[in-house]
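First comes the structure, then the notes that go with it.
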Amino acid sequence: HWPDLPTETTPTISSESCSSSHHAENQIAQQISVRSHTERRRQRKIVTAERALLLAETDVTKAMNLIRKAMPMEFMAHSSWFVIFPYLNFYTYQP
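With the UniProt record's numbering as the guide, the letters of the sequence shown map in order to residues 1 to 95.
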């Protein structure tokens, strides 16, 4: 405290403003964390899809199993997408 000023005029940071500042920092950190988690999940899906497409050139069953295990919700929701696997397999071995 300043000795020549009354204590009620000395600048202090209220616990409420510290708390709200801390809360805002936590929200920002959570948003960044959610974004990075979402990006990692998106990248994982891309890598899985690329692997499945390559695998389908030689083994359709293994490609289907990879997608079924790695992305079960997409497998169930978009099962018609997987018609592409036999197509890739067939055209891989055409002269």
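Ideal Cβ placement from N, Cα and C applies to all residues, glycine included.
Point to revise | Assigned secondary structure, residue 57 (DSSP; H/G/I helix, E/B strand, else coil) | key: coil
Check your understanding: Given a threshold of 16 other Cβ atoms within 10 Å of its Cβ, counted over all protein chains shown, does residue 91 qualify as buried or as exposed?
Key -> exposed
Check your understanding: By DSSP, does residue 78 sit in helix, in strand, or in coil?
Key -> coil
Check your understanding: For residue 73 versus residue 48, is the C-beta spacing smaller than 8 Å?
Key -> no
Practice item. Under 6 Å Cβ to Cβ from residue 88, same chain only, skipping five residues before and after it: list those, please. Key: 56 and 57
Practice item. Identify which residue in 35, 76, 82 and 26 has its Cα closest to the Cα of residue 63. Key: 82
**Study point:** Collapsed DSSP secondary structure at residue 87 in the structure displayed
**Key:** helix
Review point. Is the Cβ-Cβ distance between residue 66 and residue 52 less than 8 Å?
Key: yes
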